[in-house]
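Numbering (this note's numbering), first residue to last: 2 to 219. Worksheet: the structure to be examined is printed underneath.
Written as structure tokens, this is what we have:
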């Protein structure tokens, strides 16, 4: 579900009108995140680190209103909930995009994500299309589990404002430093909707989720 925001009543219309003139109004920030508790929980429970991180990041993003703003069919939409979409490697070594509707309950989220991922991993065919979603109520999420990095950029399509309104997210291979596990998290957003404060708030909320993961996973 979503509500349409009239541009005249949009509190950030000046910001929107300025950055809307850019062919690519996106920017990204890379932050080192402390994921010590997530790693410990994952090892103790022998659960999927990817799914655990996916859940904590998605609920963190959804907690910030600006992260749920999209431009679709000429409308500014504020969605109630945004869904996780992500890449999964198939048996052939080719990646497929997939996802599902967001589920707040961790256990149900985990079971759904595992089922979706296992299905894609074992499929014997490659879809002709790369991205089937035309709703744009998604986060585009991926990871680089083979590399520890300081930062990254995403491929962005100029002048496609519907696609550009979707935040992109990537995280890397975590490393142990001074008895802590650290991970670089990149969030790339559209400046028409997301300025520095809400983006900083998203990182803050996600870090709190990482710290408090044991309670969120109950």
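For every residue, glycine included, the Cβ atom is placed at its ideal position computed from N, Cα and C.
Enclosing beta strand (DSSP E) for residue i [first to last residue]
i, result
"residue 187", "181-191"
"residue 144", "139-145"
"residue 100", "96-100"
"residue 84", "84-90"
"residue 67", "Run containing residue 67: none; DSSP gives neither H nor E here."
"residue 167", "From DSSP, residue 167 is part of no beta strand (DSSP E); its letter is neither H nor E."
"residue 79", "76-80"
"residue 6", "3-6"
"residue 177", "176-178"
Straight-line gap, residue i to residue j (C-alpha atoms, nearest Å)
i, j, result
"residue 208", "residue 60", "11 Å"
"residue 183", "residue 47", "19 Å"
"residue 19", "residue 169", "21 Å"
"residue 217", "residue 159", "38 Å"
"residue 33", "residue 202", "15 Å"
"residue 180", "residue 39", "14 Å"
Continuous alpha helix (DSSP H) stretch holding residue i: start and end
i, result
"residue 46", "37-46"
"residue 198", "197-212"
"residue 61", "50-63"
"residue 299", "The structure shown does not extend to residue 299, since the chain is modelled only from 2 to 219, so the question has no answer here."
"residue 20", "14-20"
Whole-Å CB distance - residue i paired with residue j, under 8 Å assumed
i, j, result
"residue 138", "residue 80", "5 Å"
"residue 76", "residue 194", "Wrong, their Cβ atoms sit about 13 Å apart, outside the cutoff."
"residue 173", "residue 157", "No, residue 173 and residue 157 are not in contact; Cβ-Cβ is about 19 Å, not under 8 Å."
"residue 92", "residue 44", "Between residue 44 and residue 92 the Cβ distance is about 27 Å, and since that is not below 8 Å, they are no contact."
"residue 31", "residue 212", "Actually they do not touch by this definition, with Cβ atoms about 20 Å apart."
"residue 175", "residue 110", "Actually they are not in contact, since the Cβ atoms of residue 175 and residue 110 sit about 21 Å apart, beyond 8 Å."
Among the options, the one whose alpha carbon lies nearest that of residue i
i, options, result
"residue 101", "200, 114, 17", "114"
"residue 282", "112, 62, 74, 82", "Absent from the model: residue 282. The displayed extent of the chain is 2 to 219, so no value can be given."
"residue 190", "118, 15, 71", "71"
"residue 29", "213, 206, 199, 210", "199"
"residue 4", "108, 180, 117, 78", "78"
"residue 204", "36, 94, 180", "36"
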